[in-house]
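The working numbering applies: residue 43 is where the sequence shown begins, and numbers increase by one. Structure first, then comments.
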Amino acid sequence: MLYDSERGDFSMMFLGDVMPTRRLAVFGEERYLQLREVCASTDATFANLETSVHRYLEGHQNISGGTYMTTEPHLLEDLKWLGINLVSTANNHAFDYGEEGIVATCRYLDAAGIAHAGTGRHLREARAPAYLDTKRGRVALIAATATMPGHSVAGEQRPDTPGRAGINPLRHSMSHVIDERGLEELRRLGAALGYDAVRTRRRNLGDARSHVGADSATEYTFGNMRFEKGGEFGVRTVGNKRDVEENLQQIKEARRMSDWVVVSLHCHELGGEKLLTAAHRSEIDELADFAVDFAHGCIDAGADIFVAHGPQEPFGVEIYKGRPIFYSLGTTIFELETPQFLAEEAYARYGLGGDAGPADFADVRYQNDTVGHPADPNYWKQVVAKCEFKEKKLARIELYPLDLGFAKPRWQRGRPLLAEEKLGREIIEKVAGLSRRRGTEVKWQNGRGLIVID
């Protein structure tokens, strides 16, 4: 055997969303340093970098639906201190500062020596794998997001036009399944309210049928929502054919260029039985069907690991054809409440004027910590995962439970520590229950969850 990488022995650490706005390397709690030791001990450590990396006044804010995320470039060194050397940049906050923010983020990551995938100066670059060379093997990363504003999607280059900086999308269509009576009532309302006439005018103007919507005996478009006749009420989602195929093609490319292939998907889109009844998002514990189908398709195309994030809490683990699928690793660094600056639109959304600051924004948005993330303990109980491979086969997965400081002051909470035993057991038991649905057994052992592959 000539090269160490030929052995197929490899370890990878997987974190969820990281949203750093404060220093990380200055703290010394024992359970924090223990977490850092685990993260820094593997051959590769992945995270979803859910932010825009740039300096203040570098770039112009875009239209964002929530907090405008900014990470100062020097904080990338703190991520490296934590062990992170591979990141996805495809997510709903990547475009908070527009094309300039996309380009700046890539530039600062390049300067820091952190491999990154998921955004680029044009669509081909955003879809392309990133490669990380390590002592024991080369890792490829393909990163996409299902959650994004439509204008953040990267544009493809043509011989006669340049591309557009943005994210690698995994778009999808959604159809609401209802009974025949409901479908007929929507048809009546659509005609009476002029929706049908609007679509007819759009078709006569030459709008693409895929944008206008084509109705049939069993399907109807009401406004901008799609409905179909079915046996039980529900929601059906299907991945965009082009996005799925082009991302799978990148996996096949990476499979022939690296020892290990990782696919990352940022996804807020949820599914499962609780989707139609849950009062709080944290009560839903499954991804939408199109994301599950995509995960399986990625493994079939040659990926070694599939990792999802976006729901902001951990979901189950599936071992599919001997390879792990993490349906959500939640949030690992949750510091979105402490940016130094925010755009005017963020303040205006909550009725705040020009004299308001980020603390005022947080007070009003979260109603003094009585609603949203600060009021829900589920968002502060998290997990990170360590995968060990022996002779190219998955041998074991260790799930480390994290405490992100629920109910602590906003300038303290959001930084992860290994959870103490009582909380740790609670977190792992939840993940174990969700994993059991997928045929995966998780055992509690030595302060962590353990999955052993036979």
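We put the CB at the ideal spot given by N, CA and C, even for glycine.
**OP:** Classify Ser215 as helix, strand or coil using the three-state DSSP reduction.
**Re:** Ser215: strand per DSSP, three-state reduction.
Original post:
Between Lys177, Leu174, Val181, His214, which lies nearest to Gly192 when the distance is taken from Cα to Cα?
Top reply: Shortest Cα-Cα distance from Gly192 to any of Lys177, Leu174, Val181, His214 involves His214.
Original post:
Among the residues of its own chain, which have a CB less than 7 Å from the CB of Leu371, if the five just before and after it don't count?
Top reply: Taken in chain order, the residues that qualify are Phe56, Leu57, Gly58, Val349, His351, Pro356, Val425, Val426, Ala427.
Original post:
Does the distance from the C-beta atom of Ala185 to that of Thr147 stay below 8 Å?
Top reply: Taking a C-beta distance under 8 Å as the contact criterion, Ala185 and Thr147 do not qualify as a contact pair.
Original post:
Who pairs with Asp445 in a beta bridge, going by DSSP?
Top reply: In DSSP, Asp445 forms a bridge with Lys423, Leu459.
Original post:
Applying the criterion that 16 or more other CB atoms from any shown protein chain within 10 Å of the CB defines a buried residue, is Lys472 buried or exposed?
Top reply: Result: buried.
Original post:
Does the beta-carbon of Ile105 have 16 or more other beta-carbons within 10 angstroms, so that it is buried, or is it exposed?
Top reply: Answer is exposed; the Cβ neighbour count stays below 16.
**OP:** Could you tell me whether the segment 174-183 touches the segment 240-249, where touching means 3 or more Cβ pairs closer than 8 Å?
**Re:** With a cut-off of 8 Å, the segment 240-249 and the segment 174-183 do not count as touching, because too few Cβ pairs lie within range.
Original post:
Taking all protein chains shown into account, do 16 or more other C-beta atoms lie within 10 angstroms of the C-beta of Phe52, making it buried, or fewer, making it exposed?
Top reply: By the Cβ-count criterion, Phe52 is buried, with 16 or more other Cβ atoms from all chains shown falling within 10 Å of its own Cβ.
Subject >> Nonlocal neighbours in the same chain, by C-beta distance under 7 Å from Asp418, ignoring five residues either side >> reply: Around Asp418: His322, Ser324.
Subject >> Where Ala86 falls, given that 16 or more other Cβ within 10 Å makes a residue buried >> reply: Under this definition Ala86 is a buried residue.
Subject >> Minimum C-alpha distance to Leu329 - residue among Glu311, Leu441, Phe269 >> reply: Considering only alpha carbons, the answer is Glu311.
**OP:** Give the C-beta separation of Gly162 and Ala168 to the nearest angstrom, bearing in mind that I take them to be a contact with Cβ-Cβ under 8 Å.
**Re:** Contact holds; Cβ gap of about 4 Å.
**OP:** Can you tell me which of the three DSSP states Ser258 falls into?
**Re:** Looking at Ser258 - three-state DSSP - the assignment turns out to be coil, as it is neither helix nor strand.
Original post:
First and last residue of the beta strand (DSSP E) that includes Pro400?
Top reply: Premise fails: Pro400 lies in the alpha helix (DSSP H), 400-407, not in any beta strand (DSSP E).
Original post:
Any idea if Gly395 is buried or exposed, counting beta-carbon neighbours within 10 angstroms, 16 or more meaning buried?
Top reply: Exposed, because fewer than 16 other Cβ atoms sit within 10 Å of the Cβ of Gly395.
**OP:** Note down, in chain order, each residue of its chain lying with its Cβ closer than 7 Å to the Cβ of Lys294, except the 5 sequence neighbours on either side.
**Re:** Excluding its 5 nearest sequence neighbours in each direction, Lys294 has C-beta neighbours in its own chain below 7 Å: Ala343, Gly344, listed in chain order.
Subject >> 6 Å Cβ shell around Asp331 - same chain, five flanking residues per side excluded >> reply: Result list for Asp331: Thr279, Gly313, in chain order.
Original post:
Can the beta-carbon of Glu274 be found less than 8 Å from the beta-carbon of Arg268?
Top reply: With respect to Arg268, Glu274 sits apart: the two C-beta atoms are not nearer than 8 Å.
Original post:
Helix or strand or just coil, what does DSSP make of Asp175?
Top reply: In this structure, Asp175 counts as strand in the three-state DSSP scheme.
Original post:
Do Ala390 and His308 come within 8 Å of each other at the CB atom, strictly closer than that value?
Top reply: The answer is no: Cβ separation not under 8 Å.
Original post:
Which word fits Glu433, buried or exposed, when buried means at least 16 other C-beta atoms lie within 10 angstroms of its C-beta?
Top reply: The residue in question, Glu433, is exposed, as its Cβ has fewer than 16 Cβ neighbours within 10 Å.
Original post:
Going by the beta-carbon positions, is the gap between Tyr362 and Ile341 smaller than 8 Å?
Top reply: Contact flag set, yes.
Subject >> Boundaries (first-last residue) of the beta strand (DSSP E) holding His351 >> reply: Following the DSSP letters along the chain, one finds His351 inside the beta strand (DSSP E) bounded by residues 347-351.
Original post:
Does the pairing of the segment 88-96 with the segment 105-119 give three or more beta-carbon distances under 8 Å?
Top reply: By the C-beta criterion, the segment 88-96 is judged to be in contact with the segment 105-119, since at least 3 inter-stretch pairs fall below 8 Å.
**OP:** Starting from Ala132, trace the alpha helix (DSSP H) both ways and give me its first and last residue.
**Re:** No alpha helix (DSSP H) holds Ala132; DSSP gives it neither H nor E.
Original post:
Taking only runs of the beta strand (DSSP E) that begin and end inside the segment 139-172, which ones reach a length of at least 3 residues, in chain order?
Top reply: Every unbroken stretch of the beta strand (DSSP E) spanning 3 or more residues and falling wholly within the segment 139-172 is given here in chain order: 157-159.
Original post:
Taking the C-alpha atoms as reference points, what is the distance between Gln199 and Asn488?
Top reply: When rounded, the distance between both Cα atoms is 52 Å.
Subject >> Closest residue to Arg223 among Gly272, Asp238, Ile209 (Cα-Cα distance) >> reply: Considering only Gly272, Asp238, Ile209, the residue with the shortest C-alpha distance to Arg223 is Gly272.
Subject >> C-beta contact flag for Phe264 and Leu228 at 8 Å >> reply: Cβ atoms of Phe264 and Leu228: closer than 8 Å.
Subject >> Extent of the continuous alpha helix (DSSP H) to which Asp59 belongs >> reply: Counted as a single uninterrupted DSSP element, the stretch harbouring Asp59 is not any alpha helix (DSSP H) but the beta strand (DSSP E) occupying residues 52-61.
Original post:
Looking at the structure shown, is His310 part of a helix, part of a strand, or coil, going by DSSP?
Top reply: In this structure, His310 counts as coil in the three-state DSSP scheme.
**OP:** Compute the Euclidean distance between the alpha carbons of Arg241 and Glu287, then round it to the nearest angstrom.
**Re:** Straight-line Cα distance between these residues: approximately 29 Å.
**OP:** Identify every residue that forms a DSSP beta bridge with Ile367.
**Re:** Phe348, Glu360, per the DSSP bridge assignment.
Original post:
From the DSSP output, which residues share a beta bridge with Val80?
Top reply: Val80 is not bridged by DSSP to any residue.
Original post:
Near Val377, which residues of its chain fall below 6 Å by C-beta distance, leaving aside the five closest residues on each side in sequence?
Top reply: The identity of residue 377 in the sequence shown is Glu, whereas the question assumes Val. Only Met61, Pro62, Thr63, Arg64, Gly456 meet the Cβ criterion.
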